[in-house]
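Student: I'd like to ask some things about the structure below.
Pasting the structure below:
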């Protein structure tokens, strides 16, 4: 599943190719984002996914991989 | 955790980014930030429409200057017209997870801020840049001499330390004496406080008969909240009293976190976190940029807080930016030499001479015998301004008073074009003590005097 706001970019914000760990981080982010957006999961799953997601957001933004808001709450 | 060798940088990729790339990164973020603010915040859309600017007009970093300034006054007015938060906010209030207020040291209506889950995580992240740069690591035990109230203060630093995996000691409403005892008992290796309160804690330790450098394990004192954190004499005094290195940081409630920090190399200033902020330094009167090495007003654009976009916010902080190459740590974020130098409106004119509280403190702190002080401005006979530095001596130093009075008066006059300062002795415990932002200047010149 693909999140609404962060389609996987082939490059970082500076147009540089992604390193393998960059791709892994963005894939994790996308998967977690999709999980956090599901309506059929219990609060224990959704809220913890949201919390984890904002931590991944920090890592991805620090690395210059993305910038948009996560739009999860 | 197994042993591993950590990078000296929290975020090596961005902290050492060549300047040209850093500027390109800032531009990409700026374009997206402006577009979001325009789309989501009625306040910003109104501001930009009045200025005739649209997001598409931001094609280079120079175009930042096409955006109008944000001011605290506008923000307060916006809140007053549309309580409680004005129409700056980009999201519904129920999506926020934190609410904080400005400290109100300026005596005006406090600003109210909201943060989303992501904003709050980002706030802690900025502190991570600073704490890591100052050598704080997972094995540290970090004591927060902080009241954990509605003022944002060290809240973000607390969560930063949890993220680092350090052992956090929150002291909340503990008394000063109990804080000192816990620092010693728990073997705290890092203490976080305002510079004033770091001194107060050390004084309390002396009164308790505790020799901090010998009996405590504190190796780092992280200070924030007052310009004094970068005054060399104040810092040296804190370091001597604690037996550890003192590092300055500075932030503001309006951005929610710190934007500058001192690294372990301590180059005499604080690095700007340039991948998350654009810091302009402008002439406060003309609004024109000033060059490296010139004093001006900080104007901040933050890429972090999503709930309340902050673009070209006039901080009234007085700073002097110098190139990153001033420091040998390898970070490419430029430096504010001497940290925050004061407030643009801090300067007082006394009989034609400019007086900055920071400059007075830099001299007073050279006097080991002085425990606390206050600057009092009065108007005598309705016409003549007088400046008096009231000092409280460290217990046992009373015999040195006459010498201190003379030397302090002379030294203050020497750096203020010969302006005569009165130096007065205050009784022990008479002057106010501060835990948050110290307010040592009292200007009574416009107040009616009792007959």
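Chains as they are written, first to last, in this note's numbering: chain A, 1 to 73; chain B, 1001 to 1451. By construction, the Cβ of each residue, glycine as well, lies at the ideal position given by its N, Cα and C atoms. Quick caveat, the model's predicted, so the values are computed rather than measured.
#1: If I'm right that residue 36 of chain A touches residue 72 of chain A with Cβ under 8 Å, what's the distance once you round it to whole angstroms?
#2: Under 7 Å: does the beta carbon of residue 1324 of chain B sit that close to some heavy atom of the ligand NAD?
#3: Does any residue of chain A have a CB that is nearer than 8 Å to the CB of residue 1251 of chain B?
#4: Which full runs of the beta strand (DSSP E) of 3+ residues lie inside the segment 1189 to 1270 of chain B, going along the chain?
#5: In this structure, does DSSP put residue 66 of chain A in helix, strand or coil?
#6: Using a Cβ cut-off of 8 Å (strictly closer), state whether residue 1339 of chain B contacts chain A.
#7: On the three-state DSSP scale, how would you describe residue 1409 of chain B?
#8: Run through the segment 1035 to 1118 of chain B for me and flag every whole alpha helix (DSSP H) of 4 or more residues, listed as ranges in chain order.
#9: Who are the Cβ neighbours of residue 55 of chain A in its own chain at under 7 Å, not counting the five residues just before and after it?
#10: What does DSSP give as the partner residue(s) for residue 1320 of chain B in the beta ladder?
#11: From B:1294, B:1208, B:1184, B:1426, pick the residue whose C-alpha is nearest to that of residue 1319 of chain B; which is it?
#12: Can you list, in chain order, the residues of the segment 40 to 57 of chain A whose Cβ is nearer than 9 Å to any Cβ on chain B?
#13: Between the alpha carbons of residue 1081 of chain B and residue 1006 of chain B, how many angstroms are there, rounded?
#14: Would you mind telling me which residues of chain B sit closer than 8 Å to residue 17 of chain A, beta carbon to beta carbon, in chain order?
#15: If I follow the unbroken alpha helix (DSSP H) through residue 1340 of chain B, where does it start and stop?
#16: Taking 8 Å as the threshold (C-beta atoms), are residue 1366 of chain B and residue 1404 of chain B in contact?
#17: Have a look at the DSSP bridge pairing and note the partners of residue 1388 of chain B.
#18: I believe residue 1230 of chain B touches residue 1338 of chain B by the beta-carbon criterion, under 8 Å. Please report the beta-carbon distance rounded to the nearest angstrom.
#19: Cα separation between residue 1085 of chain B and residue 1113 of chain B?
#20: Does the distance from the CB of residue 1194 of chain B to the CB of residue 1435 of chain B come in under 8 Å?
#21: Going along the chain, which residues of its own chain have a beta-carbon closer than 6 Å to the beta-carbon of residue 1388 of chain B, five neighbours each way excluded?
#22: Under 8 Å between the Cβ atoms of residue 1130 of chain B and residue 1303 of chain B?
#23: Would you say residue 1011 of chain B faces chain A, with C-beta separation under 8 Å as the test?
#24: With 16 as the cutoff for other CB atoms within 10 Å, does residue 1328 of chain B come out buried or exposed?
#25: Alpha carbon to alpha carbon, what distance is there between residue 1250 of chain B and residue 1204 of chain B?
#26: Measure the alpha-carbon distance for residue 1155 of chain B versus residue 1178 of chain B and round it to whole angstroms.
#27: Specify the secondary structure class of residue 1027 of chain B as computed by DSSP and reduced to three states.
#28: Give the C-beta separation of residue 1273 of chain B and residue 1259 of chain B to the nearest angstrom, bearing in mind that I take them to be a contact with Cβ-Cβ under 8 Å.
#29: Quick one: using the 10 Å Cβ neighbour count with 16 as the cut-off for buried, is residue 1280 of chain B buried or exposed?
#30: Going along chain B, which residues have a C-beta under 9 Å from residue 68 of chain A?
#31: Is the Cβ of residue 25 of chain A closer than 8 Å to any Cβ of chain B?
#32: Tell me, to the nearest whole angstrom, how far the beta carbon of residue 32 of chain A is from that of residue 53 of chain A; I am working on the premise that it is less than 8 Å.
#33: With a threshold of 8 Å between beta carbons, is residue 1021 of chain B in contact with chain A?
#34: Going by DSSP, what residue range makes up the beta strand (DSSP E) through residue 1357 of chain B?
#35: In the DSSP output, which residue or residues are listed as bridge partners for residue 1440 of chain B?
Tutor: Reading from the atomic positions:
#1: About 5 Å separates the two Cβ atoms, so the contact holds.
#2: In the structure on display, the ligand NAD does not appear, and there are no ligands present to speak of.
#3: Answer no: the Cβ-Cβ gap between residue 1251 of chain B and chain A never drops below 8 Å.
#4: Segments of the beta strand (DSSP E) lying fully in the segment 1189 to 1270 of chain B: 1190 to 1193, 1220 to 1223, 1245 to 1252, 1257 to 1261.
#5: In this structure, residue 66 of chain A counts as coil in the three-state DSSP scheme.
#6: Residue-level contact check: residue 1339 of chain B does not touch chain A, since none of the beta carbons of chain A fall below 8 Å from its beta carbon.
#7: For residue 1409 of chain B, the secondary structure class from DSSP, reduced to helix, strand or coil, is helix.
#8: With a minimum length of 4 residues, the continuous alpha helix (DSSP H) runs that stay inside the segment 1035 to 1118 of chain B are 1042 to 1051, 1072 to 1081.
#9: Around residue 55 of chain A: no qualifying Cβ.
#10: Note: residue 1320 of chain B is bridge-paired with B:1295 in the DSSP secondary-structure output.
#11: Sorting B:1294, B:1208, B:1184, B:1426 by C-alpha distance to the C-alpha of residue 1319 of chain B places B:1294 at the top.
#12: Of all residues in the segment 40 to 57 of chain A, 50, 51, 53, 54, 55, 57 have a Cβ within less than 9 Å of some Cβ in chain B.
#13: Here the alpha carbons of residue 1006 of chain B and residue 1081 of chain B stand approximately 50 Å from one another.
#14: Per Cβ cutoff of 8 Å: no residues; residue 17 of chain A is ~14 Å from chain B at best.
#15: Taken as a continuous stretch (DSSP letters only), residue 1340 of chain B belongs to no alpha helix (DSSP H), as it is neither H nor E.
#16: No, the pair does not count as a contact, with Cβ atoms beyond the cut-off.
#17: According to the DSSP secondary-structure assignment, residue 1388 of chain B is paired through a beta bridge with B:1376, B:1422.
#18: Between residue 1230 of chain B and residue 1338 of chain B the beta-carbon gap is near 5 Å, inside 8 Å, which marks them as a contact.
#19: Cα-Cα distance, rounded: 7 Å.
#20: Yes. Within cutoff.
#21: Around residue 1388 of chain B: 1376, 1422, 1424.
#22: Cβ atoms of residue 1130 of chain B and residue 1303 of chain B: not closer than 8 Å.
#23: By the rule that beta-carbons nearer than 8 Å mark a contact, residue 1011 of chain B touches chain A.
#24: Note on residue 1328 of chain B: under 16 other CB atoms within 10 angstroms of its CB, so exposed under the neighbour-count rule.
#25: If you take the alpha carbons of residue 1204 of chain B and residue 1250 of chain B, they lie about 25 Å apart.
#26: Note on geometry: alpha-carbon atoms of residue 1155 of chain B and residue 1178 of chain B lie some 21 Å from one another.
#27: Correct three-state label for residue 1027 of chain B: helix.
#28: With a contact defined as Cβ atoms closer than 8 Å, residue 1273 of chain B and residue 1259 of chain B qualify at about 6 Å.
#29: Taking every protein chain shown into account, the CB of residue 1280 of chain B has 16 or more other CB atoms within 10 angstroms, so this residue is buried.
#30: Within chain B, the residues near residue 68 of chain A are 1032, 1036.
#31: No, no contact with chain B.
#32: Yes, they are in contact, since the Cβ atoms of residue 32 of chain A and residue 53 of chain A sit about 5 Å apart, within 8 Å.
#33: Yes - at least one Cβ of chain A is within 8 Å of the one on residue 1021 of chain B.
#34: Note, residue 1357 of chain B: premise wrong, no beta strand (DSSP E); alpha helix (DSSP H) at 1357 to 1364.
#35: Partner(s): none; residue 1440 of chain B has no beta bridge.
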